[in-house]
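First up is the structure itself, then whatever we jot down about it.
Number of protein chains: 2
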Amino acid sequence: MLYLVGLGLYDITDITVRGLNIVKSCNRVYLEAYTSILGVEKNKLEEYYERDVLLADRDLVEQGAEEILHNAETEDVALLVVGDPFGATTHTDFILRAAEKGIPYQVIHNASIMTAIGCCGLQLYNFGETVSIVFWTETWRPESYYDKIAANRDRGMHTLCLLDIKVKEQSIENLARGRKIYEPPRYMSVNQAAEQLLEIVSNRRSRGQTLAFTENTLCVGLARVAANDQKIISGTLSALTSANFGAPLHSLIVVGKVHPLEVDMLKLFAETKEDIETYAELIG
Amino acid sequence: MLYLVGLGLYDITDITVRGLNIVKSCNRVYLEAYTSILGVEKNKLEEYYERDVLLADRDLVEQGAEEILHNAETEDVALLVVGDPFGATTHTDFILRAAEKGIPYQVIHNASIMTAIGCCGLQLYNFGETVSIVFWTETWRPESYYDKIAANRDRGMHTLCLLDIKVKEQSIENLARGRKIYEPPRYMSVNQAAEQLLEIVSNRRSRGQTLAFTENTLCVGLARVAANDQKIISGTLSALTSANFGAPLHSLIVVGKVHPLEVDMLKLFAETKEDIETYAELIG
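Protein chains in written order, with the numbering used here: chain A, 1 to 284; chain B, 285 to 568.
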């Protein structure tokens, strides 16, 4: 049996009791280690699970599925995934390969950032399409997520922006030379995401376009959701470029039309409470 | 300290290890018992938690928050919520009351139906606004969710439809007479939801409106997600009126534009695989 086990968002004990029992009884345990991070070292996981934990990077999950699925018809194999196995990153291609081979699978669900962000007080019902904000490079500066946020705002909806993660990436030079040397991991901060959005706003403004949001639009930044030191700050897009969120992972919400109860909750996370009221009025 | 603890979706062991440790150490434990159901009896929960579990119906959570929050400045009180505390049902008003009283709170996240539906293979990124489909009565037959699904479909997005739950409802007569007699709980099935949608389609067609979806639109029904006997069936809206899903809870997805990987996953859940390909072509 193949088990896809969600680990939840942060702590070693965020796994479900059912998930833990399964992991402890599996023959082989892999940890998907390229799209998200858990606030726990690998050796701590091994101690807790009483099992060796094999790191599964992108190559292993995407090209080396054979290894993970080896003998899974008769043995129990677990692939551990931070969050929910079908949350921000999906593992459908992996499941399809298992299904092709006739390997039975079971999913152990857990918290995902895509619902946990509800803790800031914005109702999940009022969210439109989720977008991903990617790191810009010198030559590649996509703006497509702006238009998706704009389309959500047009309908009064909030937008969850998932922020880019670069783990085990090669530089162009190392890639060209076939050298398996990897860059240090990078995680986009709320500050960086807000700056990229402001630059797009500025580009659109200089082209005379109608703006779906501006530097004064109410936003929420979230860091390390579910950790004891999680940080949530609500404020204008402009204010979030300099707010201090600390260590990764970060997420950003561009707020749409707000309900009074949502405003009351956002006030709990405001650095300047006046802002929240002002912008809620503007939006409402 | 007030703890809002998500129980996950189905089994007693779907609680997280962190959540279980907290519940076992709390002075008082309440179970929010009006918006969702766990597949577990109350006495089983009490045995597992080694704690008395007090049922908190809508009255108690909405009007009787005082009781739940009593002494929570100094004692540990847990409110258990099926799914995630900020998933399909939010508890923001409850948190606001705690915040007003200066009671610290902590949220223990868990799986929510709003992300767990990813197990059908449709990507959460491709979902628009979530809608609720309510039971029609003789005199109240709202169609507003149709328009929201239509707006999502216009943008190629899938729509998660959460289906109505009626727990501890009074009949109009009993309500008028002030008799605290409650109707048996009712949970809308995929079949009922599909029938209501078809009736709206028929209404719109007879008025000559352009249809955002029809009886031939690809949909997915899900029942008891996360349970060992969970059931997922993909098929046309019309086919889902008669598919057999068994016991509650049910959810329905109206599919938008599909990616090839999504089609491959949906085929795993099709009763007639040909249908999926046909409609995927129509949609694509």
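Even for Gly, the Cβ is constructed at its ideal location relative to N, Cα and C. Predicted, not measured: the structure shown is a model, and the values here were computed from it.
CB contact flag (residue i, residue j, <8 Å)
| i | j | result |
| --- | --- | --- |
| A78/A | A56/A | no |
| I537/B | L444/B | yes |
| A356/B | I387/B | yes |
| I117/A | V225/A | yes |
| G540/B | R437/B | yes |
| L266/A | S238/A | no |
| G128/A | R155/A | yes |
| V82/A | L2/A | no |
| L481/B | R488/B | no |
| K450/B | R470/B | yes |
| V29/A | L69/A | no |
| N410/B | H375/B | no |
| A383/B | L268/A | yes |
Collapsed DSSP secondary structure at residue i in the structure displayed
| i | result |
| --- | --- |
| S473/B | coil |
| I387/B | coil |
| F411/B | strand |
| H70/A | coil |
| G303/B | helix |
| L338/B | strand |
| S309/B | helix |
| S490/B | helix |
| Y314/B | strand |
| K450/B | strand |
| S112/A | coil |
| G39/A | coil |
| G118/A | helix |
| A65/A | helix |
| G284/A | Note on G284/A: pLDDT 47, under 50, position unreliable in the model; no value is reported. |
| Y571/B | Chain B is shown from 285 up to 568; residue 571/B falls before or after that span and cannot be answered. |
Contact belief for residue i with residue j at Cβ below 8 Å, rounded distance in angstroms
| i | j | result |
| --- | --- | --- |
| N216/A | T236/A | 5 Å |
| L293/B | I397/B | 7 Å |
| E143/A | I232/A | Between I232/A and E143/A the Cβ distance is about 27 Å, and since that is not below 8 Å, they are no contact. |
| L122/A | T115/A | Not quite, the Cβ-Cβ distance comes to about 12 Å (not below 8 Å), so this is no contact. |
| S309/B | D360/B | 6 Å |
| L222/A | C120/A | 6 Å |
Same chain only: Cβ atoms within 8 Å of residue i, ignoring 5 sequence neighbours per side
| i | result |
| --- | --- |
| E351/B | L344 |
| A554/B | I517, S518, G519 and I560 |
| D264/A | G121 |
| A194/A | C219, G221, L237, S238, L240, T241 and L252 |
| A527/B | V474, N475, G505, I517, G519 and E555 |
| K273/A | K267 |
| G284/A | Here G284/A scores only 47 on pLDDT, less than 50, and its place in the model is too uncertain to base an answer on. |
Same chain, Cβ closer than 6 Å to residue i, five either side skipped, listed in chain order
| i | result |
| --- | --- |
| Y429/B | V415 and I417 |
| G303/B | V289 and I392 |
| P248/A | Y187 |
| Q230/A | R224 |
| E422/B | none |
| D14/A | G8 |
| H534/B | L447, S473, V474 and A507 |
Same chain only: Cβ atoms within 7 Å of residue i, ignoring 5 sequence neighbours per side
| i | result |
| --- | --- |
| I12/A | V40, K44, L45 and Y48 |
| T16/A | I108 and N110 |
| Y466/B | K452, E453 and Q454 |
| T498/B | V485 |
| E322/B | This sequence places Leu at residue 322/B; Glu is not what is there. Contacts found: L291, Y294 and V366. |
*asked:* Taking beta-carbon pairs under 8 Å, can you tell me which members of the region 302-319 of chain B lie near chain A?
replied: R302, L304 and N305
*Closer than 7 Å, Cβ to Cβ, to anything on chain A: give me those residues from the region 380-400 of chain B, in chain order.*
L380, A383, V391, H393, N394, A395, S396, M398, T399 and A400
*According to a CB-to-CB cut-off of less than 9 Å, which residues of the region 407-418 of chain B neighbour chain A?*
Q407, L408, Y409, N410, F411, G412, E413, T414, V415 and S416
*Report the residues of the region 435-447 of chain B with a CB closer than 8 Å to any CB of chain A, ordered along the chain.*
A435, R439 and M441
_At a CB distance below 8 Å, what residues from the region 489-516 of chain B approach chain A? Give them in sequence order._
V509 and A510
*Residues within the region 538-557 of chain B neighbouring chain A, beta-carbon criterion of under 7 Å*: L545, D548, M549 and L552
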